[in-house]
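S.K.: Order-wise, the sequence lines are chains E and R. Residues 209 to 390, numbered by our numbering, are exactly what the first sequence covers, in order. Residues 6 to 321, numbered by our numbering, are exactly what the second sequence covers, in order.
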Amino acid sequence: MQSESNREKMEEDIIMKLSTKFNVNGEDYEADVDSASTSLASVLRDTLGFTGVKRGCDNGGCGVCTVILDGEAVYSCMTLFWQAEGKKITTIEGIHGEDSNELDPLQEAFVRNSAPQCGYCTPAMVLAGKALLDSKEIPSEDEIRDALCGVLCRCTSYTPYIKSILEVAAKRTKEEEGGRQE
Amino acid sequence: MIVSTFNPATFARPANIKEAAKILSEEGPGARVVAGNTTLYELARQGGLSDVGILVDISKLGLSYIREEEDDDPTYDSQSSSPSSYTTLHIGSATTFSKMAQSRLLAKPSYYALKESAMKITPPQVRNMGTIGGSACSGIAFYDMPPVLLALDSKMKVFSSTTGEKTIAAKDFFVDYFMTALSPEELLTEVVVEDKPRSGSSFIKLGRTSVDFAVVNVAVRITLDESMRVISDARIGIGAISNVPVCANEASQMMIGQVASPELIRSAATLAGSVVEEPVPSVHGSSKYKKKVIPVLVRDALFSALDRITPPSNAK
Chain E
209 MQSESNREKM
219 EEDIIMKLST
229 KFNVNGEDYE
239 ADVDSASTSL
249 ASVLRDTLGF
259 TGVKRGCDNG
269 GCGVCTVILD
279 GEAVYSCMTL
289 FWQAEGKKIT
299 TIEGIHGEDS
309 NELDPLQEAF
319 VRNSAPQCGY
329 CTPAMVLAGK
339 ALLDSKEIPS
349 EDEIRDALCG
359 VLCRCTSYTP
369 YIKSILEVAA
379 KRTKEEEGGR
389 QE
Chain R
6 MIVSTFNPAT
16 FARPANIKEA
26 AKILSEEGPG
36 ARVVAGNTTL
46 YELARQGGLS
56 DVGILVDISK
66 LGLSYIREEE
76 DDDPTYDSQS
86 SSPSSYTTLH
96 IGSATTFSKM
106 AQSRLLAKPS
116 YYALKESAMK
126 ITPPQVRNMG
136 TIGGSACSGI
146 AFYDMPPVLL
156 ALDSKMKVFS
166 STTGEKTIAA
176 KDFFVDYFMT
186 ALSPEELLTE
196 VVVEDKPRSG
206 SSFIKLGRTS
216 VDFAVVNVAV
226 RITLDESMRV
236 ISDARIGIGA
246 ISNVPVCANE
256 ASQMMIGQVA
266 SPELIRSAAT
276 LAGSVVEEPV
286 PSVHGSSKYK
296 KKVIPVLVRD
306 ALFSALDRIT
316 PPSNAK
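(1) Using a Cβ-Cβ distance under 9 Å, would G257 (chain E) count as near chain R?
(2) Should M233 (chain R) go down as buried or exposed, given a rule of 16 or more other Cβ atoms within 10 Å for buried?
(3) Should D354 (chain E) go down as buried or exposed, given a rule of 16 or more other Cβ atoms within 10 Å for buried?
(4) Using only CA atoms, which one of R:P19, R:V163, R:A14, R:A40 lies nearest to D242 (chain E)?
(5) Any beta carbon from chain E within less than 9 Å of Y70 (chain R)'s own beta carbon?
(6) Quick one: using the 10 Å Cβ neighbour count with 16 as the cut-off for buried, is G41 (chain R) buried or exposed?
(7) Can you tell me the Cα-Cα spacing of C363 (chain E) and R240 (chain R), whole angstroms?
(8) Less than 9 Å separating the beta-carbons of L192 (chain R) and V153 (chain R)?
(9) Quick one: Cα of G386 (chain E) to Cα of L311 (chain E), how far?
(10) Measuring alpha carbon to alpha carbon, tell me which residue in R:T168, R:K160, R:P128 is nearest L356 (chain E).
(11) Using C-beta distances below 6 Å, list every residue in its chain close to T381 (chain E), excluding the 5 sequence neighbours before and after it, in chain order.
(12) Any beta carbon from chain R within less than 9 Å of M333 (chain E)'s own beta carbon?
(13) Using the three-state DSSP reduction, which class does T101 (chain R) fall into: helix, strand or coil?
(14) Could you tell me the boundaries of the beta strand (DSSP E) in which L226 (chain E) lies?
(15) Quick check: what's the CA-CA separation for E268 (chain R) versus S122 (chain R)?
(16) Y116 (chain R) by DSSP, collapsed to three states: which one?
(17) Report the residue from E:C265, E:S250, E:F258 whose alpha carbon sits nearest the alpha carbon of E301 (chain E).
(18) Please report the straight-line C-alpha distance between V303 (chain R) and G205 (chain R), rounded to a whole angstrom.
(19) Spell out the partners DSSP gives N222 (chain R) in its beta bridges.
(20) Count the other CB atoms within 10 Å of the CB of T228 (chain E); is the residue buried (16 or more) or exposed (fewer)?
(21) Which chain R residues are close to G173 (chain E), counting only those with a beta carbon under 8 Å from its beta carbon?
(22) If I measure Cβ to Cβ from L307 (chain R) and keep anything under 6 Å in the same chain, skipping five residues before and after, which residues do I get?
(23) Taking the straight line between their C-alpha atoms, what separation do you get for D82 (chain R) and S159 (chain R)?
(24) Could you give the first and the last residue of the continuous beta strand (DSSP E) run that contains I145 (chain R)?
(25) Output yes if chain R places a C-beta closer than 9 Å to the C-beta of L374 (chain E); else output no.
(26) On the DSSP letters alone, give me the boundaries of the alpha helix (DSSP H) that S30 (chain R) sits inside.
(27) Rounded to the nearest angstrom, what separates V261 (chain E) and G294 (chain E) at their Cα positions?
(28) What's the C-alpha gap between F16 (chain R) and Y46 (chain R)?
(29) Helix, strand or coil for S87 (chain R) per DSSP?
(30) Could you pull out every unbroken beta strand (DSSP E) segment of at least 3 residues lying fully inside the segment 146-192 of chain R, listed in chain order?
(31) Between G314 (chain E) and chain R, is the shortest Cβ-Cβ distance under 9 Å, so that the two count as touching?
(32) My output table needs one value for D82 (chain R): the three-state DSSP class, helix, strand or coil.
(33) Quick one: list the residues of chain R neighbouring A355 (chain E), beta-carbon separation under 9 Å, in chain order.
(34) Which residue from E:H304, E:G268, E:I297 puts its Cα closest to that of N231 (chain E)?
(35) Alpha carbon to alpha carbon, how far is D238 (chain R) from C285 (chain E)?
Set out below in structure tokens:
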């Protein structure tokens, strides 16, 4: 009798309701979802309205659903919503410069190089590039290519995207050298 | 929207390995372990996993680590030439490929194939989520980690709430397409690799593009004896050519006890080419093509493994 009630209690503790709390772009959200197999992409875009998260192939192939989850770029279509429990998510809506109505230096570089053409993959390119630039001060071209290889751009604007990130890295190198001289 | 029959009713987030194993044994085949979800997702998209009722999250069990231990467990010591110390590498089953790719510990020549294969898993979005345990337990023959586990003679540590802890050798772990030696109630907790001094390992993957799955992938480890000339141990794991990743035992036996020479490596690689009668073809590689390319990959892998071997420092 005792053990049975214990078991029930344990089950209550372990098997949670399908509700998950996470932080998107600095704000806390709680998502209530019907199915345990619902993707993070679906919750972000369809439930919470972050339409910068695209559901392109919804199949882990095109990469336009990329978000930054606790500092790492991930496919939100391949991630179940409850895997994000307690984590910090950044979508394109949360990317900006020092002031919230300014562009991030990476976004500025993209604009300068006319990297976005149709623009569909651009949010994912920004996030994939941003995740790299946040983890590595001055990435090499190989590392940039690796970071972007998971996002497809059917306008084939890869070269300007890579060039833009290289520019941001070069600017950082310059600043570093400048700082050293002082 | 793609209609999928995958529709688990709920998920569980156990706090420790015992709780997780308890859920697995109570739910039986209806439960499925989730670490990074990358493979489960793919399988669900293909219309599989309709029998899954509950997903069990193992990301909060503290199974994400890479560390070395001084072990005196006699089971890891069958052929060790330096019985005074057994350093073993322990990788938690929920360790992501990213963590492995960045690990400085895995840069050791004898472990390097693990790092090399993790680095070659692309795109980074998958590398950041996918885990070594998931890669092994999916039982998918063209995944990159299984041949490495074979080449490094890994031991798979398994926990079950009814039978407790046990160890399965990697060579007995892979059973058939999508099948491993694990029963539904068992949970893979750790991969253990013995650090063999004077060893070098290497991984080579042939894919159509860098983001594709392997057409053929090869992992090898070579160990030299004290003279630093004679091969005392060699292992070759080859993936994507059969229902399970295979060991080219004849080829490695041929090298053991011989002086490491280019001629020896070339003839061992040729012998490795006939490890399976007819490699399983895929859309990017016919059986004939795979058969031709295996010796080339094995040869390159053996040469680069040999290059990486460094003599142990006397300071130790």
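Idealized CB from N, CA, C, for every residue including glycine. Note that this is a predicted model, so its numbers are computed, not measured.
M.R.: To lay it out plainly:
(1) Counted from its first residue, the first sequence places residue 257 (chain E) at position 49. Using beta-carbon distances, G257 (chain E) does not count as an interface residue toward chain R, since no partner is under 9 Å.
(2) Here the question's residue 233 (chain R) lines up with position 228 in the second sequence. Its Cβ having fewer than 16 others within 10 Å, M233 (chain R) is exposed.
(3) Locating residue 354 (chain E) in the first sequence gives position 146, where the first residue counts as 1. That one is buried.
(4) In the first sequence, residue 242 (chain E) corresponds to position 34, counting from 1. Considering only alpha carbons, the answer is R:A14.
(5) Counted from its first residue, the second sequence places residue 70 (chain R) at position 65. No, Y70 (chain R) lies away from the interface with chain E (no Cβ there is under 9 Å from its Cβ).
(6) Within the second sequence, residue 41 (chain R) is the residue found at index 36, counting from 1. The residue is buried, with at least 16 neighbouring Cβ atoms inside 10 Å.
(7) Taking the first residue of the first sequence as 1, we reach residue 363 (chain E) at position 155. Taking the first residue of the second sequence as 1, we reach residue 240 (chain R) at position 235. Roughly 45 Å between the two C-alpha positions.
(8) Within the second sequence, numbered from 1, the residue matching residue 192 (chain R) stands at position 187. Within the second sequence, numbered from 1, the residue matching residue 153 (chain R) stands at position 148. No; because the gap between Cβ atoms is not below 9 Å, this pair is not in contact.
(9) In the first sequence, residue 386 (chain E) corresponds to position 178, counting from 1. In the first sequence, residue 311 (chain E) corresponds to position 103, counting from 1. Distance between the alpha carbons of G386 (chain E) and L311 (chain E): 24 Å.
(10) To locate residue 356 (chain E), count along the first sequence from 1; it is residue 148. With distances taken between Cα atoms, L356 (chain E) lies closest to R:P128.
(11) Position 173 of the first sequence, counted from the first residue, corresponds to residue 381 (chain E). I346, listed in sequence order.
(12) Residue 333 (chain E) sits at position 125 when you count from the first residue of the first sequence. Under the 9 Å criterion on CB atoms, M333 (chain E) is classed as non-interfacial with respect to chain R.
(13) By 1-based counting over the second sequence, the position of residue 101 (chain R) is 96. The answer is strand: DSSP assigns T101 (chain R) an E or B state.
(14) To locate residue 226 (chain E), count along the first sequence from 1; it is residue 18. First-last for L226 (chain E): undefined, no H or E at that position.
(15) Here residue 268 (chain R) refers to the residue found at position 263 when the second sequence is read from its first residue. Here residue 122 (chain R) refers to the residue found at position 117 when the second sequence is read from its first residue. Cα-Cα distance, rounded: 27 Å.
(16) Working through the second sequence from its first residue, we reach residue 116 (chain R) at position 111. Note: Y116 (chain R) maps to coil in three-state DSSP.
(17) In the first sequence, counting from the first residue as 1, residue 301 (chain E) sits at position 93. Of E:C265, E:S250, E:F258, the residue nearest in Cα terms is E:F258.
(18) Indexing the second sequence from 1 puts residue 303 (chain R) at position 298. Indexing the second sequence from 1 puts residue 205 (chain R) at position 200. So the two alpha carbons sit approximately 14 Å from each other.
(19) Locating residue 222 (chain R) in the second sequence gives position 217, counting from the first residue. Per the DSSP secondary-structure output, N222 (chain R) pairs in a beta bridge with R:K210, R:G244.
(20) Looking up residue 228 (chain E) in the first sequence gives position 20. Residue burial annotation: T228 (chain E) is buried, with at least 16 other C-beta atoms found within 10 angstroms of its C-beta.
(21) Past the edges of chain E, shown from 209 to 390, lies residue 173 (chain E), and the structure says nothing about it.
(22) The residue labelled residue 307 (chain R) in the question sits at position 302 within the second sequence. Excluding residues up to 5 positions away in sequence, V225, I270 lie with their Cβ nearer than 6 Å to the Cβ of L307 (chain R) in the same chain.
(23) Locating residue 82 (chain R) in the second sequence gives position 77, counting from the first residue. Locating residue 159 (chain R) in the second sequence gives position 154, counting from the first residue. Only weak support exists for where D82 (chain R) lies, its pLDDT of 49 falling under 50; the coordinates are left without a value.
(24) Taking the first residue of the second sequence as position 1, residue 145 (chain R) is located at position 140. Segment: none, I145 (chain R) is in no beta strand (DSSP E) and carries neither H nor E.
(25) If you number the first sequence from 1, residue 374 (chain E) lands on position 166. Judged by the 9 Å Cβ criterion, L374 (chain E) is not in contact with chain R.
(26) For this step, residue 30 (chain R) is matched to residue 25 along the second sequence. Element bounds for S30 (chain R): 22-32.
(27) If you number the first sequence from 1, residue 261 (chain E) lands on position 53. If you number the first sequence from 1, residue 294 (chain E) lands on position 86. Put simply, the backbone Cα of V261 (chain E) is about 19 Å away from that of G294 (chain E).
(28) Numbered from 1 along the second sequence, position 11 holds the residue referred to as residue 16 (chain R). Numbered from 1 along the second sequence, position 41 holds the residue referred to as residue 46 (chain R). Distance between the alpha carbons of F16 (chain R) and Y46 (chain R) is about 15 Å.
(29) As a working mapping, residue 87 (chain R) is identified with position 82 in the second sequence. Because the pLDDT at S87 (chain R) is just 49, under 50, the model does not fix this residue reliably, and the value given afterwards should be weighed accordingly. Secondary structure at S87 (chain R): coil, using DSSP grouped into helix, strand and coil.
(30) Qualifying beta strand (DSSP E) stretches, in chain order: 160-165, 169-174, 179-181.
(31) Taking the first residue of the first sequence as 1, we reach residue 314 (chain E) at position 106. Inspection of the sequence shows that residue 314 (chain E) is occupied by Leu rather than by Gly. Not one chain R Cβ lies under 9 Å of L314 (chain E).
(32) Here residue 82 (chain R) refers to the residue found at position 77 when the second sequence is read from its first residue. Bear in mind that a pLDDT of 49 at D82 (chain R), under 50, signals an unreliable position, so the model cannot answer this.
(33) The count along the first sequence starts at 1 and reaches residue 355 (chain E) at position 147. Those are P128, P129, listed as they occur along chain R.
(34) Stepping through the first sequence from its first residue, residue 231 (chain E) is reached at position 23. With distances taken between Cα atoms, N231 (chain E) lies closest to E:I297.
(35) For this step, residue 238 (chain R) is matched to residue 233 along the second sequence. For this step, residue 285 (chain E) is matched to residue 77 along the first sequence. D238 (chain R) and C285 (chain E) have their C-alpha atoms spaced approximately 44 Å apart.
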